[in-house]
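Novice: For the protein sequence lines, the chains are A and B, in the order given. My numbering puts the first residue of the first sequence at 299, with every later residue one more than the last. My numbering puts the first residue of the second sequence at 299, with every later residue one more than the last. C-beta: ideal position from N, C-alpha, C; glycine also.
There are 2 protein chains.
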Amino acid sequence: MNSAIERYAPLCAPTRLLFGPGPSPVSPRVYQAMQQNVVGHLDPFFFQVADEIRTLLGYAYSTANTFNLVASGTGSSGMELAVANFTEPGSKFAVLSNGYFADRIGEMAARQGAQVVRLTQDWGRPFDAGQAREFVLRERPRIVAMVQAETSTGVYNQVQAAAEAAHEVDALVIADCVTSLGGMPVLVDSNGIDIAYSCTQKGLGCPPGLAPVTVSPRALDRLKKRATPVQSWYLDLQLLDAYYSGHKYHHTASATLFYALREGLVMVAEEGRENRWARHQRNHRAFVAGIEAMGLRMLVEHPGDRLWTLNTVSVPEGVNEAAVRQYLLEKRSIEIAGGFGPLAGKIFRIGLMGYGSSAENVMLVLEALAEALRHAGFEPKGNGLAAAEGKL
Amino acid sequence: MNSAIERYAPLCAPTRLLFGPGPSPVSPRVYQAMQQNVVGHLDPFFFQVADEIRTLLGYAYSTANTFNLVASGTGSSGMELAVANFTEPGSKFAVLSNGYFADRIGEMAARQGAQVVRLTQDWGRPFDAGQAREFVLRERPRIVAMVQAETSTGVYNQVQAAAEAAHEVDALVIADCVTSLGGMPVLVDSNGIDIAYSCTQKGLGCPPGLAPVTVSPRALDRLKKRATPVQSWYLDLQLLDAYYSGHKYHHTASATLFYALREGLVMVAEEGRENRWARHQRNHRAFVAGIEAMGLRMLVEHPGDRLWTLNTVSVPEGVNEAAVRQYLLEKRSIEIAGGFGPLAGKIFRIGLMGYGSSAENVMLVLEALAEALRHAGFEPKGNGLAAAEGKL
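1) With 16 as the cutoff for other CB atoms within 10 Å, does Ala558 (chain A) come out buried or exposed?
2) Please confirm whether Tyr557 (chain B) has its beta-carbon closer than 7 Å to some beta-carbon of chain A.
3) Quick one: any contact between the stretch 527-545 of chain B and the stretch 351-369 of chain B, if contact means 3 or more CB pairs under 8 Å?
4) Is there at least one Cβ from chain A nearer than 7 Å to Asn659 (chain B)'s Cβ?
5) Could you name each continuous beta strand (DSSP E) segment of 3 residues or more that falls completely within the stretch 481-510 of chain A, going from the start of the chain to the end?
6) Under 9 Å Cβ-Cβ, which residues of chain B neighbour Val434 (chain A)?
7) Output, in chain order, the set of chain B residues within a Cβ distance shorter than 8 Å of Ala261 (chain A).
8) Kindly indicate if chain B contains any beta-carbon less than 7 Å away from that of Tyr625 (chain A).
9) Quick check on the DSSP output: the alpha helix (DSSP H) that includes Lys629 (chain B) runs from which residue to which?
10) Please determine, among B:Leu683, B:Leu470 and B:Val453, the residue with the shortest C-alpha to C-alpha distance to Ala460 (chain B).
11) Which residue wins for smallest C-alpha separation from Phe618 (chain A), given the options A:Leu521, A:Gly675, A:Gly480 and A:Val511?
12) Determine, using beta carbons only, whether Gly636 (chain A) comes closer than 7 Å to chain B.
13) List in chain order: all unbroken beta strand (DSSP E) runs of 3+ residues lying wholly within the stretch 348-391 of chain B.
14) What did DSSP end up calling Met299 (chain B) once you bin it into helix, strand or coil?
15) Taking the Cβ atom as the reference point for each residue, do Val511 (chain A) and Gly376 (chain A) lie within a distance shorter than 7 Å?
16) Determine whether the Cβ of Ser375 (chain A) lies closer than 7 Å to any Cβ atom of chain B.
17) So which of B:Val453, B:Asn383, B:Asn573 and B:Arg438 has the shortest CA-CA distance to Leu608 (chain B)?
18) Going by other Cβ atoms of all chains shown within 10 Å of its Cβ, with 16 needed for buried, is Leu533 (chain B) buried or exposed?
19) By the DSSP assignment, the beta strand (DSSP E) with Ile645 (chain B) in it spans what residues?
20) In the DSSP assignment, find the alpha helix (DSSP H) that holds Arg431 (chain B) and state where it starts and stops.
21) Can you say whether Leu563 (chain A) is buried or exposed, counting buried as having 16 or more other CB atoms within 10 angstroms of its CB?
22) Under the rule that 16 or more other beta-carbon atoms within 10 Å means buried, what is Ser488 (chain B), buried or exposed?
23) Would you call Asp349 (chain B) buried or exposed, if buried means 16 or more other Cβ atoms sit within 10 Å of its Cβ?
24) Could you give the distance in angstroms between the alpha-carbon of Gln536 (chain A) and the alpha-carbon of Leu535 (chain B)?
25) Cα separation between Ala427 (chain A) and Ile403 (chain A)?
26) Name, in chain order, the residues that DSSP records as bridge partners for Gln413 (chain A).
27) Buried or exposed for Ala311 (chain A), going by 16 or more other Cβ atoms inside 10 Å?
28) Closer than 7 Å by beta-carbon distance: list the chain A residues that pair up with Pro527 (chain B), in chain order.
29) With 16 as the cutoff for other CB atoms within 10 Å, does Gln346 (chain B) come out buried or exposed?
30) Just checking: is the beta-carbon of Ser552 (chain B) within a distance shorter than 7 Å of some beta-carbon in chain A?
31) In chain B, what lies closer than 9 Å to Val324 (chain A) by C-beta?
32) Name the residue from A:Leu627, A:Leu538, A:Gln419 and A:Cys504 whose alpha carbon lies nearest to the alpha carbon of Arg327 (chain A).
33) Buried or exposed, going by whether 16 or more other CB atoms sit within 10 Å of the CB of Thr418 (chain B)?
34) Closest to Pro308 (chain B) by C-alpha separation, out of A:Glu568, A:Pro601 and A:Thr610, would be which residue?
35) Mind checking whether Ala380 (chain A) and Ile472 (chain A) have CB atoms under 7 Å apart?
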């Protein structure tokens, strides 16, 4: 060994209880799948796995689309793929923005040379369907983008009204489903979504590293009529399709991550997507009951606007949000997250998703949160655990 | 389970012997590292691993650079990162092209709006140092890009002459080190490389999924002076640096892949990079001795121009290249690769790299290749195994 390099101790990762906005706890079955032998990115077995993922993704996304594939990057690369492939310089690109991730879509579209127009709403509040519709009909953009599950605020945005208006003006609909896929209904077809992307490390219970995408036939038509090449070669959907469908070399996809994703998606199919959504809903409602019994408030006012995967809890007056998170991490090895942007210091973001959405975890995180809040000087008003248990 | 979804059998990956151009065989230590618990992308432990990777990458790349980081995509995303961050619309971008991957760099630069100029050389032949120098001095580009280890042809391109000329005209030097890092000298600093990128699944013996990058101080200066934003948000180096160095959220990096890369890099440090290069060189030379003893010819004429990681062997007259590969895959579960572009059907590409570069594997692949060639009607002239053994 070169003397310039110190000796490295064996890797020894802590056992975190992952109750943040993702990564969520990884299922033991997924860890096992990743131990299987790596095969080449052009191996017949690799393409068999990619084809299974194509079918399983259609099921998870509730779509009849067959153009379902995976970008070799995290969920953020899925966002860039969606924006880059369907934007041309000067395209009018409409964003419905009520959180950080919608803002990021706008930022990406601007970098791609689009003319970005925005309908904004306060962080933590959903859009009014009528306003969304009016905005789209007035702007007549080429693309309408929105975030179905806004990870920065915990809001579930209804896609349908904006999507209907988008189709009336021949705009494509991009929906960020990073925190909905595998945990609550995405409903690509019935919502009129043309391009949906997600990640692997939230509702699907896999490690991060891939971005599952689905594309509608009308979006494909638009893609084929592009006047300019997609600026990103790496995320060019037509090259990716030639790879996954035509077996023509593009990049070296990671067999290990594909094995993990296949296993995560098989678990969705075995449980049944509707059962899985019901599990997430039940555990979310129990968590909320516990939170409210403790005298805390959810950021998102109306129950129907809340994500079942990620709960946003307002930080009580006088409590140092960062100190609570630090306590949980250091004393309990629990990860939760704070807010950012206008919500910095004001909310806790607590995820119960994928393999991690269980009755035991609802109780565990409520109990630990109560302990950390007491340590920060806030005495819970009532018994959160009893209230939660009544809903489980 | 939804009745629309068939029941999926447990994943059962075949055990491939990976002697193609990558992925290479993954070390058991790396598989073990990937079993460790996923932590969050903002966890103190994650940043500790990222910092260790920063140091270890400096060692593997032979550089004093401290701007060493990892893009969350495959080696091809590293190429796109290098091109996108250092190209502005209209930038003059010079490519030294003697293979597929150099052509791809040119394609990416064109998509980024660069004015691409090319010095071309036949596939399988290196550049003349004087011609490379003259080209750069004549064109006076902003960027000079070349492929140190051309995976499509097996040529090791000397970087130094072009890099010296580039520095004289204040151009930055991008070098593709995808098939050199961890297997042969990259020598970022002494070669005058400003931006180097690589992958994880070749000389480092990890699964694919990350792109390790190093950036020189003068390249960073150029980056900070950009007049336009980088078109790719996902691969924006300044945002990535704010994440890895400043711990400011950007994307959800994959702890699992970082654990794997750390383990692969620790193994480079433990072995010593010079010892590791010597191992690759020895096994490569033994392989070549075996090939030549069998009456086959290497595509790359001069030994000093050959990669030690990836061997390109000319397909003998009358032999169906695809049939040989199919035989090896089906009868021996061995992956090797063919050529593409002008070399389609004309070469075998046989990798011995990372964990896979061993004396045992040299013997195994020579023996299996002789068997497959016989099956395809080619009788080896002499005893390749004996010739190889003499060099091991």
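Specialist: Let me spell this out:
1) buried
2) With 7 Å as the cut-off, Tyr557 (chain B) counts as an interface residue toward chain A.
3) yes
4) Asn659 (chain B) does not count as touching chain A.
5) Listed in chain order, the complete beta strand (DSSP E) runs (minimum 3 residues) inside the stretch 481-510 of chain A are 493-495.
6) Correct list: empty, because the minimum Cβ distance to chain B is about 24 Å.
7) The shown model of chain A, from 299 to 690, leaves out residue 261 (chain A), and the question about it has no answer.
8) Interface residue (Cβ-Cβ distance to chain B less than 7 Å): Tyr625 (chain A) is not classified as such.
9) Glu619 to Arg630
10) B:Leu470
11) The displayed chain sequence assigns Asn, not Phe, to residue 618 (chain A). Ranking A:Leu521, A:Gly675, A:Gly480 and A:Val511 by Cα distance to Asn618 (chain A) puts A:Gly675 first.
12) no
13) 365-369
14) For Met299 (chain B), the predicted model reports a pLDDT of 45, less than 50, meaning its position is unreliable; a value from the coordinates is still stated below. The answer is coil: DSSP assigns Met299 (chain B) none of H, G, I, E or B.
15) Result yes, Cβ atoms of Val511 (chain A) and Gly376 (chain A) sit closer than 7 Å.
16) Ser375 (chain A) counts as touching chain B.
17) B:Val453
18) buried
19) Ile645 to Gly649
20) Following the DSSP letters along the chain, one finds Arg431 (chain B) inside the alpha helix (DSSP H) bounded by residues Ala427 to Glu437.
21) buried
22) Exposed, since its Cβ has fewer than 16 Cβ neighbours within 10 Å.
23) Counting Cβ neighbours within 10 Å, Asp349 (chain B) comes out exposed, since fewer than 16 surround it.
24) 26 Å
25) 20 Å
26) A:Lys390
27) buried
28) Arg409
29) Taking a 10 Å sphere around the C-beta of Gln346 (chain B), we find fewer than 16 other C-beta atoms and assign the residue as exposed.
30) Cβ-Cβ to chain A under 7 Å: yes for Ser552 (chain B).
31) Identification of chain B residues near Val324 (chain A) by a Cβ-Cβ cut-off of 9 Å yields Asn335, Val336 and Thr554, ordered along the chain.
32) Closest in C-alpha terms to Arg327 (chain A), from the list A:Leu627, A:Leu538, A:Gln419 and A:Cys504, comes A:Cys504.
33) exposed
34) Closest option to Pro308 (chain B), Cα to Cα, is A:Glu568.
35) Yes, they are a contact pair.
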